[in-house]
Amino acid sequence: MTTHFITAEVDLPETADELHAAIEAELQKAGSPLRWAVTDVDVARQKAMVEGYVLVELTKVEIETSVSP
Amino acid sequence: MNLRPFTVVLIVPTGVGASIGGYAGDALPVARAIAQICDTLITHPNVLNGAQLYWPIANALYVEGYALDKFASGCWGLQPVHQNRIGLILDSGIEPELQRRQLQAADAARATLGLNITDYVVTDIPLKVELRTSDSGASWGTIANPDSLLRAAEVLIKKARVEAIAVVARFPDNEDSIQLQQYRHGQGVDPLAGAEAVISHLIVKTFKIPCAHAPALAPLPLDPHISPRSAAEEIGYTFLPCVLAGLSRAPQLVTESQIGINGELPITGDRVDAVVVPATACGGSAILSLSQRQGVKIIAVTENQTQMQVTPEKLGIKALEVNSYLEALGVLAAYKAGINPAALRPNISTLRRL
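Keeping their order, the protein sequence lines are chains A and B.
With numbering that gives the first Met the number 0, the residue at position 65 of the first sequence is 64, and numbering never jumps.
With numbering that gives the first Met the number 0, the residue at position 265 of the second sequence is 264, and numbering never jumps.
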């Protein structure tokens, strides 16, 4: 298992609930969300800036790759 | 008689340079004051941990950040306990003498406080803490060997049947870093906080068990200009006592499928009446979740400045902004009494016709 630092821009939806779901969905693309926060909001562009860590399980293939000579 | 317990969540996000609560447990006085007003206070280690200093608050629940996020989103409940059986994980990257200091702190907590700390495990390889500061100014960080941490936790849970886990990881000393100097002088961002949070999040996410972290660091040279807000971390060899005290009564975490199975109903997110948060740090998972719950009042404190720029308005969150925690305490007292805080001001608008 590895952890990865992620930054992302997420469209600002109507409600905070929708924003929560949108952030989780965006981070899921890189791994399992571990810890995140909106660190700024660009009101003009209606974007939320997000920073966080995701967890990535090493697959069998990746493990084999990492130990191969 | 009020049948609904007045429940308040106090959040001071970790590693964002909060001017109150961004240092060595220096939001603890805020927590103590709020606990006098509410029936149940739910807050997190960053608020309550002051290294060798802590204060037992009978009606406060010590909930790690990942668990708090899950609680806020309605996924997990909190089951109060009388005492947890605590296990300790020591990073094998800690030098033998510094490891001994941690073990002595644990023994002291057993003998002097009566805490039930039963076993410890040393990780099979060093965790290798990595620190980083992001573009936003927040401190982040992680460990290079999360699997080693999780293997140690699994041993404690399976072999020692512990109910809560304290972790001590070796952090880089960085004695001469500007960030550390600023932190010791009560300025800037805690450079360790982000990585600490990731460590405890890893265990809570994986095992759904209360967890908190204390860093192991070599003692720093005496500095006559230490800020009172940071001073709690200057008075001993370990930061572990507050973690052990907090974990000893941390509520157990009840997942959605377990709620109600044992007949006891845990505290769930729908019991929250109010949340108190710094006004510029409303972008965390717990706030986004709780702000959408019916009846939850968000109280945003502007005086507690942070490195973030995420106000309630920017996120479309309805909140009552107050200048200080003193004002927040008054607002909470009014809510608990069933009084609209606006009625305590000199000018009251006339009734609105729809």
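Even for Gly, the Cβ is constructed at its ideal location relative to N, Cα and C.
Boundaries around E23(A) are those of the alpha helix (DSSP H), A15 to Q27, since no beta strand (DSSP E) includes it. In terms of CA proximity to A327(B), I33(B) leads the group V203(B), V253(B), I33(B) and H200(B). For L87(B) against A105(B), the beta-carbon gap comes to about 6 angstroms, under 8 angstroms, which counts as contact. Under the three-state reduction of DSSP, P214(B) is assigned to strand. Taking a beta-carbon distance threshold of 8 angstroms, Y65(B) counts as an interface residue toward chain A.
Annotation for L26(A): I5, A7, P32, W35, V49, G51 and V53 place their beta carbon closer than 8 angstroms to its own, counting only its chain and skipping 5 residues before and after.
Note that the C-beta distance between K313(B) and I297(B) is not below 8 angstroms.
The Cβ of V9(A) sits no closer than 8 angstroms to any Cβ of chain B. Residue nearest to L239(B) within the set G193(B), L97(B), S226(B) and A273(B) is L97(B) (criterion: CA-CA distance). Assignment of T267(B) by DSSP, reduced to helix, strand and coil, places it in the coil class.
Contact check for V188(B) and A137(B): beta-carbon distance about 7 angstroms, within the 8 angstroms limit, so the pair qualifies. Secondary structure at G136(B): coil, using DSSP grouped into helix, strand and coil. Interface residue (Cβ-Cβ distance to chain B less than 8 angstroms): R34(A) is classified as such. Under the DSSP assignment, Q101(B) falls in the alpha helix (DSSP H) whose first and last residues are P95 to L112. By the rule that beta-carbons nearer than 8 angstroms mark a contact, V42(A) touches chain B. Taking the Cα of I19(B) as reference, the smallest distance to any Cα among V300(B), N115(B) and A333(B) is reached at V300(B).
Proximity of E50(A) to chain B, defined by a Cβ-Cβ separation below 8 angstroms, is satisfied.
One finds T14, A15 and D16 in chain A with Cβ atoms closer than 7 angstroms to the Cβ of Q291(B), taken in chain order.
For V53(A), the closest Cβ of chain B is not nearer than 8 angstroms. For I156(B), the uninterrupted alpha helix (DSSP H) segment begins and ends at P145 to K158.
Of all residues in the segment 82 to 116 of chain B, none comes within less than 7 angstroms of chain A when Cβ atoms are compared. Taking 8 angstroms as the CB threshold, I316(B) lines the interface with chain A. Residue state for R169(B) is assigned as strand, using DSSP reduced to three classes. Proximity of chain A to G282(B) at the Cβ level (cut-off 7 angstroms) is accounted for by A36, V37 and T38, in chain order.
In terms of Cα proximity to N173(B), the closest of S133(B), I164(B) and P220(B) is P220(B). In chain order, E255 place their CB closer than 6 angstroms to the CB of C74(B), counting only its own chain and leaving out the 5 sequence neighbours on each side. According to the DSSP assignment, I116(B) belongs to the beta strand (DSSP E) that extends over I116 to V121. The continuous beta strand (DSSP E) containing T42(B) extends over residues T39 to T42. Annotation for L27(B): the continuous alpha helix (DSSP H) segment containing it runs L27 to I36.
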